[in-house]
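First residue of the sequence shown: 11, per my numbering; consecutive thereafter. Below is one structure, written out as C-alpha cells; comments come after it.
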Amino acid sequence: MTFEEDTQICMGYSEQVEHFMGAAIPPIFGNTLFTFSSFENLVDAVLDEPSHYVYTRGKNPTVEIVEKKLAALERGEACKCFGSGMAAISAAILSSIKADEHVLCVGNIYFSTKGLLNYLSKFGVSHTIVLTTDPLEIERNIRANTAVIYFESPTDMSFQILDLETIAAMAKKRNILTIVDNTWATPLFQKPLTFGIDIVVHSASKYLGGHSDLMGGAMISSEEIIAQVFKKEFLLFGAVLSPYDASLLLRGLRTLPFRMKAHQQNALKTAEFLDNHPAVAKVNYPGHSSHPQYELTQKQMNGFSGLMSFELKNATFDRVAAFINSLNTIKIGVSWGSFESLVISPNYGNNLDKLQQEDHLNPGLIRLSVGLENIDAIIGDIKQALNA
Ligand SMILES: *Cc1c(COP(=O)(O)O)cnc(C)c1O
11 MTFEEDTQIC MGYSEQVEHF MGAAIPPIFG NTLFTFSSFE NLVDAVLDEP
61 SHYVYTRGKN PTVEIVEKKL AALERGEACK CFGSGMAAIS AAILSSIKAD
111 EHVLCVGNIY FSTKGLLNYL SKFGVSHTIV LTTDPLEIER NIRANTAVIY
161 FESPTDMSFQ ILDLETIAAM AKKRNILTIV DNTWATPLFQ KPLTFGIDIV
211 VHSASKYLGG HSDLMGGAMI SSEEIIAQVF KKEFLLFGAV LSPYDASLLL
261 RGLRTLPFRM KAHQQNALKT AEFLDNHPAV AKVNYPGHSS HPQYELTQKQ
311 MNGFSGLMSF ELKNATFDRV AAFINSLNTI KIGVSWGSFE SLVISPNYGN
361 NLDKLQQEDH LNPGLIRLSV GLENIDAIIG DIKQALNA
C-alpha cells in the first residue's frame with residue numbers, strides 16, 4: 011500500500027496544474043523575482059517570505075512542488091531543497107549545532123560530509139566517528155556536549171545497517187538531534203522520520219534525479235526546523251536548487267518507483283552472482299540474505315537500491331585497477347544512482363593506511379552502482395573482468 015501511495019506522490023501530487031492553464035506538467039518558473047501590485051503588498055510579502063513568492067533565492071513555485079512531494083514521500087511536515095546534497099547536509103548540520111558542541115557520527119559517512127565536519131573545527135565544533143553498529147557502543151561515545159548524532163544507513167562503502175529506532179530513542183532521551191542521510195534507500199525504501207529521526211537529508215543528484223543530469227539536495231523535517239533553516243542557512247548561504255533542475259527532478263521522480271524496482275532486481279541478481287564467485291571474498295549488499303543484518307533491514311526497510319560493494323581476494327591496487335579497467339558495460343566514474351552502471355574503488359593506491367585504520371575498509375573493496383542495463387550484460391561484464 012505504501013509503495014502505491016508513494017507512486018501517486020511521485021506523479022501528480024501537489025502539482026495543481028489547474029493554476030497553470032492545465033499544463034500537463036508544471037511550468038518552469040525561471041524568474042528571479044516577483045512583482046507586486048502595491049508597495050504595501052511587497053512589504054507584507056518580504057516580512058513573511060516563507061509564505062510568499064518574493065525572490066527565487068527564497069520561495070520558487072517549481073521548486074516548491076518538488077519540496078511538497080519529497081516531504082510527503084518521507085512522511086515529514088516540510089522540506090527545503092538545495093543546490094546539492096552537500097548544501098542540504100551543511101544546512102542541516104549548521105542549523106543543529108553551536109560553537110563548542112560535538113557531532114557524533116556513526117559508521118562510515120560520505121567523504122565530503124567528513125570534510126565538512128573537519129572544516130567546522132575552526133568554529134569550535136568537534137566530532138568523532140565511531141565505526142560500530144552496536145547501540146551500546148554508540149551510547150558510550152555520547153559526550154556531555156553532543157548535540158547531533160549523524161549517520162547514513164546503509165553506511166557509506168561498507169553498507170552496514172544502523173538501527174534507526176534505537177538510535178533515535180537514545181538521542182531523544184538526551185535532547186540530541188538525529189540527522190540521517192537517506193540517499194541510498196530513497197524515501198521509497200526507507201522513511202527514517204517514521205522511526206523517530208529528526209532530520210533527513212538527501213543528495214537528489216543520485217536516484218531522485220536518476221539521469222546524471224542534475225545537482226540537487228533536500229532536507230526534510232518538522233515545520234519548525236525547516237522554518238528556521240529557511241530564514242538562516244537557506245536564505246543566507248544561498249545554495250538554491252535551480253528551477254530548471256527542479257523541473258528535471260520532477261521528471262526524475264515520475265519514474266522513481268519503477269526505476270527503484272528495476273535497480274533492486276538487477277542488484278539482487280548481481281549480488282547473488284558475486285556471492286558465488288571464487289574471486290570474491292565478501293559482498294556488502296543489504297538486500298542479499300547473506301548480509302549479517304538482513305533481519306534488521308526487514309524491520310526498517312521496504313526494499314533495496316542498486317549500490318553495493320564487494321571485496322576482491324588477494325587485492326592489491328594493481329588487481330583492483332586491472333579489474334576496473336577490464337569492465338566495458340560498467341563505466342568508471344564517481345557518483346551513483348543513475349540509469350548507468352558505474353564502478354570505483356576507495357583504494358587509490360596511496361591511501362592504504364587511512365583506508366584500513368581510519369575507515370576499516372578492505373583494500374580490495376570495489377563499489378558498484380548497478381544500473382538499468384540488461385542484467386545479462388551487467389553480470390557478463392563482471393564475469394569477464396573477474397577472469398581477465
Ligand atoms: C553524493 C552524496 C552526497 C553529496 O551529494 P551532492 O549532491 O554530490 O552534493 C551526500 N551523501 C551521499 C550518501 C552521497 O552519495
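We put the beta carbon where it would ideally sit given N, CA and C, even for glycine.
Quiz prompt | Residues near THR307 in its chain [Cβ-Cβ closer than 8 Å; skip 5 each side] | solution = ILE171, PRO296, GLY297, HIS301 and PHE314
Exercise. Give me the Cβ distance between LEU224 and LEU198, rounded to the nearest whole Å; I'm assuming they're in contact under 8 Å.
Key: That pair is no contact at about 18 Å.
Self-check item: Nearest neighbour of LEU396, chosen from ASN286, ILE189 and ILE385 [CA to CA]
Solution: ASN286
Quiz item: If we count the other Cβ atoms within 10 Å of its Cβ and call it buried at 16 or more, is GLY347 buried or exposed?
Solution: buried
Quiz item: Rounded to the nearest angstrom, how far is the Cβ of GLY316 from that of GLY227, given a contact under 8 Å?
Solution: Actually they are not in contact, since the Cβ atoms of GLY316 and GLY227 sit about 20 Å apart, beyond 8 Å.
Quiz item: From what residue to what residue does the alpha helix (DSSP H) around GLU77 run?
Solution: 71-84
Quiz item: Where does ASP166 fall in DSSP's three states?
Solution: coil
Self-check item: Element boundaries [beta strand (DSSP E), containing VAL116]
Solution: 112-116
Self-check item: Same chain, Cβ closer than 6 Å to ILE99, five either side skipped, listed in chain order
Solution: THR123 and VAL211
Quiz prompt | ILE354 versus GLN367, LYS364, ILE376 and LEU362, residue with shortest Cα-Cα distance | solution = ILE376
Quiz prompt | Whole-number beta carbon distance between TYR217 and GLY40, since they are thought to touch under 8 Å | solution = The pair is not a contact, with the Cβ atoms about 25 Å apart (cut-off 8 Å).
Quiz prompt | SER122 CB to nearest heavy atom of ligand 1 below 7 Å | solution = yes
Quiz item: Is LYS90 near ligand 1, going by C-beta to nearest heavy atom under 7 Å?
Solution: no
Quiz item: Looking only at C-alpha atoms, which of ALA398, PHE240 and LEU263 sits nearest to GLU8?
Solution: With the chain represented from 11 up to 398, any question about residue 8 goes unanswered, as that position is not in the structure.
Practice problem: Pick helix, strand or coil for PHE6, following the three-state DSSP scheme. | Solution: No answer is possible for residue 6: the residues shown for the chain start at 11 and end at 398.
Quiz prompt | Which listed residue (PHE320, ASN384 and SER336) has its alpha carbon closest to that of SER168 | solution = PHE320
Practice problem: To the nearest angstrom, report how far apart ALA179 and MET311 are at their CA atoms. | Solution: 18 Å
Self-check item: Three-state secondary structure (DSSP) of GLU87
Solution: coil
Quiz prompt | Integer Cβ distance of VAL116 from VAL135, believed to fall under 8 Å | solution = No, VAL116 and VAL135 are not in contact; Cβ-Cβ is about 17 Å, not under 8 Å.
Practice problem: Could you tell me whether any non-hydrogen atom of ligand 1 is closer than 7 Å to the CB of GLU162? | Solution: yes
Practice problem: For GLY227, verify whether its CB is less than 7 Å away from any heavy atom of ligand 1. | Solution: yes
Exercise. Thinking ILE35 and LEU322 are a contact (beta carbons under 8 Å), I'd like their distance in whole angstroms, please.
Key: Going by Cβ atoms, the distance from ILE35 to LEU322 rounds to 45 Å, so no, they are not a contact pair.
Exercise. Name the residue from ALA291, ALA332, GLU368 and GLN394 whose alpha carbon lies nearest to the alpha carbon of THR339.
Key: GLN394
Quiz item: How do the region 103-111 and the region 270-284 stand: do at least 3 beta-carbon pairs fall below 8 Å, yes or no?
Solution: no
Quiz item: Straight-line CA distance for THR326 to THR138?
Solution: 29 Å
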